[in-house]
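Chemist: There's a structure below that I have some questions on.
Next up, the structure:
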């Protein structure tokens with residue numbers, strides 16, 4: 001794997017880990033925190049099983065991740081699709097913030113529709 005590919009992989013691993021500690025992320029994947037640390041330093045490369053888990057947590061399929069590491073561009077992913085994939089692995093407090101923002105948006109739309117109905 002060339003240097004650029006390793007750098008991309010490091011970025012994707014950090015994206016997949018998010019705000020989790022290396023220890024918690026390692027536990028989730030079934031590896032040591034040292035393994036995660038070495039991946040993030042670009043010293044070691046995860047095996048295919050762990051690459052698949054990392055890809056999924058980062059919002060990609062394994063095939064997409066492998067294409068990216070081969071220097072090929074990632075296929076275009078809709079914003080909605082990416083957001084939905086990322087929500088699966090966000091900490092619950094961040095999901096709660098998203099839910100709150102959505103509820104506020106729905107309430108604003110409902111108020112707007114109510115105001116329009118009264119004006120008619």
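Numbering (full-length UniProt numbering), first residue to last: 1 to 120. Glycine included, C-beta positions come from ideal geometry on N, C-alpha and C.
1) Decide if residue 106 is buried, meaning its Cβ has at least 16 other Cβ atoms within 10 Å, or exposed.
2) Where do the ends of the alpha helix (DSSP H) carrying residue 70 lie?
3) What span of residues does the alpha helix (DSSP H) with residue 47 cover, start to end?
4) Excluding the 5 residues preceding and the 5 following residue 39 in the sequence, name in chain order all residues of the same chain whose CB lies nearer than 6 Å to its CB.
5) What does the alpha-carbon distance come out to for the pair residue 108 and residue 89?
6) Roughly how many angstroms lie between the CA atoms of residue 42 and residue 92, to the nearest whole one?
7) Are three or more beta carbon pairs between the region 1-10 and the region 23-32 nearer than 8 Å?
8) Figure out for me which residue from 80, 72, 86, 81 has the closest Cα to the Cα of residue 54.
9) Whole-angstrom Cβ separation of residue 16 and residue 57, contact assumed at under 8 Å?
10) Give the DSSP-derived three-state secondary structure of residue 88 in the structure shown.
Modeler: Judging by the given coordinates:
1) The count along the chain shown starts at 1 and reaches residue 106 at position 106. Result: exposed.
2) Indexing the chain shown from 1 puts residue 70 at position 70. Residue 70 -> no alpha helix (DSSP H), and no H or E assigned at all.
3) Working through the chain shown from its first residue, we reach residue 47 at position 47. Segment: none, residue 47 is in no alpha helix (DSSP H) and carries neither H nor E.
4) Taking the first residue of the chain shown as 1, we reach residue 39 at position 39. Here the set comprises 13, 46.
5) What you label residue 108 is simply residue 108 of the chain shown in a count that begins at 1. What you label residue 89 is simply residue 89 of the chain shown in a count that begins at 1. So the alpha carbons of these two residues sit roughly 28 Å apart.
6) As a first step, residue 42 must be located in the chain shown, where it is residue number 42. As a first step, residue 92 must be located in the chain shown, where it is residue number 92. So the alpha carbons of these two residues sit roughly 29 Å apart.
7) no
8) The residue you call residue 54 lines up with position 54 of the chain shown. Ranking 80, 72, 86, 81 by Cα distance to residue 54 puts 86 first.
9) Against the chain shown, residue 16 aligns to sequence position 16. Against the chain shown, residue 57 aligns to sequence position 57. Confirmed, about 4 Å.
10) In the chain shown, counting from the first residue as 1, residue 88 sits at position 88. Residue 88 falls in the coil class under three-state DSSP.
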